[in-house]
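All remarks here apply to the structure that follows.
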Amino acid sequence: MNTRIGHAAHCDKSRGAVAVEFALVAPVLLLLVAGIIEFSNIFNAQVSVTQAAREAARNMAIHNNQGTATTAAQVGAPGLDTSSFALAFSPGTCAPNTNIKVTISYTAPGITGVFGTGFGVTGVGAMRCGG
Numbered sequence: 000m001n002t003r004i005g006h007a008a009h010c011d012k013s014r015g016a017v018a019v020e021f022a023l024v025a026p027v028l029l030l031l032v033a034g035i036i037e038f039s040n041i042f043n044a045q046v047s048v049t050q051a052a053r054e055a056a057r058n059m060a061i062h063n064n065q066g067t068a069t070t071a072a073q074v075g076a077p078g079l080d081t082s083s084f085a086l087a088f089s090p091g092t093c094a095p096n097t098n099i100k101v102t103i104s105y106t107a108p109g110i111t112g113v114f115g116t117g118f119g120v121t122g123v124g125a126m127r128c129g130g
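Once you know that position 111 of the sequence shown is 110 in numbering that gives the first Met the number 0, the rest is easy, because the numbers rise by one and skip nothing.
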C-alpha cells in the first residue's frame, strides 16, 4: 500500500515539472513561430516590390513615360498598398542605348507586431532603353 501512495506522489511531481518546463519553452516557441511569419511576410513583400520595379523599368524602356511606368509598377505589385510606393528613375528619361534603373522603396507592415510595425524593403529593376 505504501508503494501505491509513493507512485501517486511521484506522478504529481512529474506533472508539475512538465508544466514548468512547458511554461519555460512555450514563449521561445511562440517567438520562433512569430519570426517565421514575419520573415515570410517581408520576403513576399520584397519579391513583389522587386517585380514592380522590373515592370516599371520595362515600361519606361519602351514608352519613356514616368506616369505609365508608375502605373505599371502599381499593377505589378498586387496585394501591396502601392499608394505608398516611392519610385526613383535614374536617369529621368530614357535615351536609346542607355539603361534605365527604377528603384522602389516601400514600408511593409508587420503582421504580428512582435518585431515592429513596419519594415523597409527596396526593389530595383533595370532595362536597356529602346527595346
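Where is the CB? At the ideal position from N, CA and C, for every residue including glycine.
Is residue i near the ligand SAH, going by C-beta to nearest heavy atom under 6 Å?
i, result
"I110", "For the structure depicted, the ligand SAH is absent and the ligand set is empty, with no information on it obtainable."
Once the 5 residues before and after residue i are set aside, which same chain residues still bring their CB inside 7 Å of it?
i, result
"S161", "Limits of the chain in this structure are 0 at one end and 130 at the other, which puts residue 161 out of reach."
"I41", "A107, F118 and V120"
Output the boundary residues of the alpha helix (DSSP H) element that contains residue i.
i, result
"G66", "Q65 to V74"
Under three-state DSSP, which class holds residue i?
i, result
"P108", "strand"
"V123", "strand"
"T49", "helix"
"G15", "helix"
"G34", "helix"
"N58", "helix"
"N96", "coil"
Tell me where the beta strand (DSSP E) around residue i begins and ends.
i, result
"S83", "Here S83 belongs to no beta strand (DSSP E), and DSSP marks it neither H nor E."
How about residue i and residue j: do their beta carbons lie closer than 7 Å?
i, j, result
"A72", "A55", "yes"
"G122", "A60", "no"
"A87", "T70", "no"
"N98", "R127", "yes"
Here's a check: name, in chain order, each residue in its chain whose Cβ is nearer than 6 Å to the Cβ of residue i, leaving out the five neighbours to either side.
i, result
"S47", "A76 and L79"
"T49", "G122"
"K100", "S89 and A125"
"G115", "G109"
"A85", "S104"
Exercise. Kindly confirm or deny that the stretch 11-24 and the stretch 85-94 touch, where touching means at least three C-beta pairs closer than 8 Å.
Key: By the Cβ test, the stretch 11-24 is not in contact with the stretch 85-94, since fewer than three Cβ pairs between them sit closer than 8 Å.
Quiz item: Touching or not, the stretch 111-119 and the stretch 65-80, by the rule of three or more beta carbon pairs under 8 Å?
Solution: No, the stretch 111-119 is not in contact with the stretch 65-80.
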